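FYI, the numbering for the sequence shown is 1 to 92, going by the UniProt record's numbering.
All C-beta atoms, glycine included, are put in the ideal place defined by N, C-alpha and C.
Here the structure is a predicted model, which is why all the values come from computation and not from measurement.
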Amino acid sequence: MTVQMRPRVKYVIGPDGSPLTIADLPPRNTRRWVIRRKAEVVAAVRGGLLSLEEACDRYTLSVDEFLNWQAAIDKHGLAGLRTTWIQHYRES
1 MTVQMRPRVK YVIGPDGSPL TIADLPPRNT RRWVIRRKAE VVAAVRGGLL
51 SLEEACDRYT LSVDEFLNWQ AAIDKHGLAG LRTTWIQHYR ES
């Protein structure tokens with residue numbers, strides 16, 4: 001049985017509308033997750049630049065943490081990734 005692999009894309013459109021490549025992603029040792037960095041990782045996974053597993057391994061994230069970032073963007077836009085507002089957004 002052969003496993004079908006999707007071809008990896010060379011770039012995706014980042015959250016600011018500019019092309020985003022693997023080289024443009026946050027460093028592997030990122031510890032301070034600002035809105036822009038979270039949004040870049042979500043865009044990379046959604047666009048096929050990284051798989052969910054690769055992103056979680058690369059940044060030592062749990063799948064739940066990544067999915068929470070994705071859901072926050074879907075529900076509230078980039079502002080949903082702001083940690084100081086997390087309680088505000090979770091209530092609505």
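_Residues in the same chain with beta-carbon distance under 6 Å from ALA72, minus the five sequence neighbours each way, listed in chain order, please._
GLY80 and LEU81
| Same chain only: Cβ atoms within 6 Å of PRO15, ignoring 5 sequence neighbours per side | ALA39 and ALA43
| field | Proximity of LEU49 and LEU20 at Cβ, strictly below 8 Å | value | yes
inquiry  = With a threshold of 7 Å on Cβ separation, who are the neighbours of ALA23 within its own chain once the five nearest residues in sequence on each side are excluded?
reply    = none
Range of the contiguous alpha helix (DSSP H) that encloses TYR59:
52 to 59
Alpha-carbon to alpha-carbon, GLY47 and ARG8 = 10 Å
Buried versus exposed, by CB contacts within 10 Å (16 or more), LEU25
buried
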